[in-house]
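Student: In my numbering, the protein residues as written are 2 to 390.
The beta carbon of each residue, even a glycine, is placed where N, CA and C say it ideally should be.
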Amino acid sequence: MIKPIQLRQPGVIEFGVGRRETLRDHLSGVTRILAVVDPAVRPAIDDVAQIIESTGRVVEWITEVVPEPPIHEVERLRSRVRAFAPDCVIGIGGGSAIDLAKILSILSTTDEPVSGILGIDLVTTRTPRLIALPTTSGTGSEVTPIAVLTDTDAALKKGVVSRYLIPDVAIVDPALTVSSPAPVTASTGIDALTHCIEAFTNVHAHPAVDIYALEGIRLIAGHVARAVADGTDLTARSAMALGSLYGGLCLGPVNTAAVHALAYPLGGSFKVPHGVANSMLLPHVMRFNLPACALRYVRVAEAMGVIAPGIVLESDSRSKIEQAASAAVDRVVELSRECGIPRSLTEFGVRQADIDTMAKAAVLVTRLMNNNPRTMSAAQASEIYRQAL
Ligand SMILES: [Fe+2]
2 MIKPIQLRQP GVIEFGVGRR ETLRDHLSGV TRILAVVDPA VRPAIDDVAQ IIESTGRVVE
62 WITEVVPEPP IHEVERLRSR VRAFAPDCVI GIGGGSAIDL AKILSILSTT DEPVSGILGI
122 DLVTTRTPRL IALPTTSGTG SEVTPIAVLT DTDAALKKGV VSRYLIPDVA IVDPALTVSS
182 PAPVTASTGI DALTHCIEAF TNVHAHPAVD IYALEGIRLI AGHVARAVAD GTDLTARSAM
242 ALGSLYGGLC LGPVNTAAVH ALAYPLGGSF KVPHGVANSM LLPHVMRFNL PACALRYVRV
302 AEAMGVIAPG IVLESDSRSK IEQAASAAVD RVVELSRECG IPRSLTEFGV RQADIDTMAK
362 AAVLVTRLMN NNPRTMSAAQ ASEIYRQAL
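1) Any heavy atom of ligand 1 closer than 7 Å to the CB of alanine 203?
2) Taking C-beta to C-beta, are alanine 109 and isoleucine 72 nearer than 8 Å?
3) Which residues share a DSSP beta bridge with arginine 9?
4) What number of angstroms, rounded off, separates the C-alpha of arginine 43 from the C-alpha of glutamine 10?
5) Can aspartate 192 be considered in contact with ligand 1, in the sense that its beta carbon sits closer than 7 Å to one or more heavy atoms?
6) Can you tell me whether alanine 302 is helix, strand or coil according to DSSP?
7) Could you tell me whether the Cβ atoms of tyrosine 213 and leucine 267 are closer together than 8 Å?
8) Need the endpoints of the alpha helix (DSSP H) that proline 44 sits in, please.
9) Could you give the distance in angstroms between the alpha-carbon of alanine 84 and the alpha-carbon of valine 90?
10) Tell me where the beta strand (DSSP E) around aspartate 152 begins and ends.
11) Taking DSSP as the reference, what is the three-state secondary structure of cysteine 89?
12) Taking the alpha helix (DSSP H) that arginine 375 belongs to, which residues open and close that run?
13) Does the Cβ-Cβ distance between valine 66 and alanine 45 come in under 8 Å?
14) With isoleucine 198 as the anchor, note down where its alpha helix (DSSP H) starts and where it stops.
15) For the region 89-151, list the alpha helix (DSSP H) runs that are entirely contained and at least 4 residues long, ordered along the chain.
16) What does DSSP give as the partner residues of valine 18 in its beta bridges?
17) Work out the CA separation of serine 80 and leucine 105 for me, nearest whole Å.
18) Counting C-beta neighbours from all protein chains within 10 Å, is the total for glutamate 199 16 or more, i.e. buried, or is it exposed?
19) Out of curiosity, what's the CA-to-CA distance linking threonine 64 and cysteine 197?
20) Suppose you measure from the CA of aspartate 154 to the CA of glycine 311; what does that come to, to the nearest Å?
21) Fully enclosed by the region 220-287, which alpha helix (DSSP H) runs are 4 residues long or longer?
22) Confirm the yes/no value for this check: CB of threonine 195, any heavy atom of ligand 1, distance under 7 Å.
23) Buried or exposed: where does lysine 158 fall if 16 or more other Cβ atoms within 10 Å of its Cβ makes it buried?
24) For a quick check, are the C-beta atoms of isoleucine 147 and glycine 160 less than 8 Å apart?
25) Check whether the Cβ of asparagine 408 lies closer than 7 Å to any heavy atom of ligand 1, and answer yes or no.
26) Rounded to whole angstroms, what's the CA-CA distance from glycine 12 to alanine 379? Just pull it up for me.
27) By the 10 Å Cβ neighbour count, where 16 or more other Cβ atoms means buried, how is proline 374 classified, buried or exposed?
28) Please indicate yes or no: does the CB of threonine 140 lie closer than 7 Å to some heavy atom of ligand 1?
29) Between which two residues does the beta strand (DSSP E) containing alanine 36 stretch?
30) For aspartate 39, which option in Ile218, Asp234 and Ile93 has the closest C-alpha, if you only look at C-alpha atoms?
31) Please work out which residues of its chain come closer than 6 Å, Cβ to Cβ, to proline 274, disregarding the five sequence neighbours upstream and downstream, and give them in chain order.
32) Just the C-alpha distance for alanine 354 and valine 366, rounded to the nearest angstrom, thanks.
33) Is glutamate 65 helix, strand or coil by DSSP?
34) Any idea if serine 29 is buried or exposed, counting beta-carbon neighbours within 10 angstroms, 16 or more meaning buried?
35) Tell me which residues share the same chain as threonine 32 and place their Cβ nearer than 7 Å to its Cβ, disregarding the 5 neighbours each side in the sequence.
36) Check for me: the alpha helix (DSSP H) holding isoleucine 322 runs from which residue to which?
Quick look at the structure:
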């Protein structure tokens, strides 16, 4: 029997080159728009800004977007957002711009401090319409119930998870990702791959989500290097945008696991970009997890195109299954190399002496660690960080 699951997604998902034009239709009935934009992705922003301005609505622009927005920065914006009183909030940019838009849409009608909504299901409502237009293919934030913020006092990234953070409308236009530079395309692309792999090998994995995860793995593995090599390749950009969207659709119902938990202290203390941290940790965590989910990694290897479908079966010997599963890990290492992603934590200033503290912090991210197919102790987390040094 198939176990029960609840799937929540945006009311509308627009996908395809040119679909940003549908934003006009989705603004019908709104009067005051709060637009949260990452100014670093300029050409894409200009394009969408023109669409918004052409509607003649009152618009307040928020451009103070920093990676994994610090909680005190979000609080600083609260009074401005409350005073503007938007009936629509639009996030345009990478995951940080969209996550900030999500949180501000909540804060626009509540006095609850951000610290009071960190965690799962602590947001009670959202009033403004929420629309997301990603300019990177990675976080999948346009369809997820998650926003990631930084607690600078604790030097840790923290998540707000709530159904109210799922945008009403996600507009995924691959043309908006063309201006994403190669290193961002690489790290966000491997982040999306990590979402799919961690969802597929998750203790909560489910057939209704596996279909997104496996197809996302196939699309991303087949196109990430091509999108990095030529950012104007719309075929590769479209495949990455869809793969990333599929990865995002895995995050609400199943979510990620140890790779993301281990990445949290790297982002919080060493400012390692989220996708880069995941890329460096992913193969080491996969090797650690392999004994617990070898057959699932065989399916990952099939989706990545490194072994032919159906040649390794559940009834095969353990060694044959594990050998085929290793092909998935090897392909992940190759892909990161092909995309030019940094391979060592040392490059970001991480030292041996930092490892045990990070490991203790990572195993406390139980929201994600509890999803991992193999239980990970602080000592084992330390060993994985050491392998990635
Ligand atoms: Fe991620």
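Tutor: Reading from the atomic positions:
1) Position check: residue 203 holds asparagine in this sequence, whereas alanine was assumed. Incorrect: asparagine 203 has no Cβ contact closer than 7 Å to ligand 1.
2) The displayed chain sequence assigns serine, not alanine, to residue 109. Cβ atoms of serine 109 and isoleucine 72: not closer than 8 Å.
3) Per DSSP, none; premise fails for arginine 9.
4) 28 Å
5) yes
6) helix
7) Not a contact, by the Cβ cut-off of 8 Å.
8) 43-55
9) 14 Å
10) 147-152
11) strand
12) Looking at the DSSP string, arginine 375 is not in any alpha helix (DSSP H), and its letter there is neither H nor E.
13) no
14) DSSP places isoleucine 198 in the uninterrupted alpha helix (DSSP H) bounded by 183-201.
15) 96-108
16) Bridge partners of valine 18: none, in fact.
17) 10 Å
18) It counts as buried.
19) Taking the straight line from one Cα to the other gives about 30 Å.
20) 50 Å
21) 235-252 and 259-271
22) yes
23) That one is buried.
24) yes
25) Outside the modelled stretch of the chain, which goes from 2 to 390, sits residue 408, for which no answer is possible.
26) 40 Å
27) buried
28) yes
29) 33-38
30) Measuring from the Cα of aspartate 39, the nearest candidate turns out to be Ile93.
31) Ser188
32) 21 Å
33) For glutamate 65, the secondary structure class from DSSP, reduced to helix, strand or coil, is coil.
34) Label assigned to serine 29: exposed.
35) Cβ neighbours of threonine 32 beyond the five flanking positions: Arg58, Val59 and Asp88.
36) Annotation for isoleucine 322: the continuous alpha helix (DSSP H) segment containing it runs 319-339.
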